[in-house]
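>
Set out below in structure tokens:
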């Protein structure tokens, strides 16, 4: 999977592989899950992927730490609103720093650590309904 960010082409699989090399415990656990589910199979099916919960957690943790666009697409406030004590007037352009959200210690325990397990018990969705995890924005 490739992403173009600020003129640079980043191959995301290299980023996640780097994290796995840096965290051998995570790699070993992921290898065990894949080997157990795919044992004796020549092809991995969609059903197999659905059963790979740790793989999904590794991907989510990778996106939390290495979000493709660190700043989300700018939005325009359609009405006056107060957000966290700040007054935002209608017509103001707002840019969300998703990189900072993914590393916010008030939202994440040990935010700089690569810990896929944090996603095993939490139902975080790619659909933008959990605002502490926004790898693709919130779709609004």
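Numbering (our numbering), first residue to last: 1327 to 1466.
No residue lacks a Cβ here, since even glycine has one placed at the ideal position from N, Cα and C.
Of all the options 1362, 1419 and 1394, which has the alpha carbon lying nearest to the alpha carbon of residue 1380?
Closest option to residue 1380, Cα to Cα, is 1362.
> Tell me which residue opens and which closes the beta strand (DSSP E) that residue 1413 is part of.
Here the beta strand (DSSP E) through residue 1413 covers 1412-1414.
> Determine, using beta carbons only, whether residue 1390 and residue 1417 come nearer to each other than 8 Å.
The answer is no: Cβ separation not under 8 Å.
> Mapping the DSSP letters down to three states, classify residue 1408 as helix, strand or coil.
Residue 1408 falls in the strand class under three-state DSSP.
> Alpha carbon to alpha carbon, how far is residue 1358 from residue 1385?
Looking at the two C-alpha atoms, the distance is approximately 16 Å.
> Taking the straight line between their C-alpha atoms, what separation do you get for residue 1393 and residue 1435?
Approximately 18 Å between the Cα atoms of the pair.
> For a quick check, are the C-beta atoms of residue 1388 and residue 1341 less than 8 Å apart?
Result yes, Cβ atoms of residue 1388 and residue 1341 sit closer than 8 Å.
> Taking residue 1424 as the reference, which of 1444, 1376, 1397 and 1402 has the closest Cα?
It is 1397.
> Please go through the stretch 1343-1429 and give each complete alpha helix (DSSP H) segment of 4 or more residues, from N-terminal end onward.
Complete alpha helix (DSSP H) runs here, min 4: 1350-1364, 1372-1377, 1379-1391 and 1424-1427.
> Roughly how many angstroms lie between the CA atoms of residue 1356 and residue 1376, to the nearest whole one?
Straight-line Cα distance between these residues: approximately 14 Å.
> Thinking C-alpha only, which one of 1405, 1349, 1339 and 1344 is nearest residue 1443?
Closest by alpha carbon: 1349.
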